[in-house]
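Numbering (our numbering), first residue to last: 223 to 418. We put the beta carbon where it would ideally sit given N, CA and C, even for glycine.
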Amino acid sequence: MLKQNLPDSPWYSSYEPNNYGDFFYSLVRVYQPETVVELGTEAGFSAYHLARGLRTNGKGHLYCYDLWEKYDAQKYGFYSISKSTAEDNLREYKNTIGLNLTNAIGIDRAYQTVDILHVDLHNDGEILNRIVPAWIDKVRQLVVIEGGSAERDRVEWMIKFNKAPIKKWLEDFSRRGDIEYLTLEPFPSVTIIRKK
Ligand SMILES: C[S@@+](CC[C@H](N)C(=O)[O-])C[C@H]1O[C@@H](n2cnc3c(N)ncnc32)[C@H](O)[C@@H]1O
């Protein structure tokens, strides 16, 4: 994440300016999930609001995966923060959230089913193609991915490093015929994917 473009906040999150926190909270309140998995947690903004919904529901658990200080993508201008920062930010929900420092790629093999999956790994079309097909048949309710708008596909690092656009990946992925998706446009945008 390019910190210089983000608000001065403990969350360092592109989700914060357009208040996607309430989106994550509402999703959990409406769908009443038991098991939520998040791939890419960083300082914990989305995790906080997912957990806030679970706490209000009175049930459910959030399993978070991130490499935190072990994430090495400085060549793209990304760096993450330490796991202990996320722990501090999420202390209030420590009984609802499990934080796991591990590579998110392949972690689908640890699950048979989940209710909601949130994918926020500095997404591009190629990363999503490694993640979402492996999960889609295990997800009972929704896959939520960061991105999906044309504006998000044009952010500086997507262009500079010739990253595969998310919008095109969504169009291609939906050709399998058994999924539908909806993109919420305010930056950075999120896309909800579900089985028909
Ligand atoms: C955009 S940030 C997540 C933001 C967070 N969801 C929020 O609400 O602000 C992306 C995170 O993905 C993590 N990440 C990227 N690739 C990863 C991988 N293969 N395995 C685990 N974590 C990864 C980075 O360490 C970084 O913390």
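What does a CB cutoff of less than 8 Å around I303 pick up in its chain, not counting 5 residues either side in sequence?
Close CB contacts of I303 within its chain, under the 8 Å cut and outside five residues either way in sequence, are with Y234, E264, A265, W290, E291 (chain order).
Whole angstroms is fine: what's the gap from L350's alpha carbon to N317's?
Roughly 29 Å between the two C-alpha positions.
I'd like to know whether the C-beta atoms of V341 and L261 end up nearer to each other than 8 Å.
yes
Taking G262 as part of the alpha helix (DSSP H), name the residues at either end of that continuous run.
Careful: G262 lies outside any alpha helix (DSSP H) and carries neither H nor E.
Would you be able to state if there are at least three C-beta pairs under 8 Å between the region 363-377 and the region 401-414?
Segments in contact, yes.
Limits of the alpha helix (DSSP H) - the one that I353 falls within
347-357
At which residues does the beta strand (DSSP E) containing G282 begin and terminate?
From DSSP, G282 is part of no beta strand (DSSP E); its letter is neither H nor E.
Coil, strand or helix - D294 by DSSP
coil
Find the nearest neighbour of V336 within the set I414, V354, Q363, judged by alpha-carbon distance.
Distances from the CA of V336 to each of I414, V354, Q363 were compared; the closest alpha carbon is that of Q363.
For V354 and chain C, any beta-carbon pair shorter than 8 Å?
This model lacks chain C altogether; it includes just one protein chain.
Boundaries (first-last residue) of the alpha helix (DSSP H) holding R251:
242-253
Would L312 and A326 qualify as a contact pair, given that the criterion is a beta-carbon distance under 8 Å?
Cβ distance not < 8 Å, so L312 and A326 don't count as in contact.
Please report how far the alpha carbon of L406 lies from the alpha carbon of S371, in whole angstroms.
8 Å
Spatial neighbours of F383 within its chain, please: CB distance less than 7 Å, with the 5 preceding and 5 following residues excluded, ordered by chain position.
Y298
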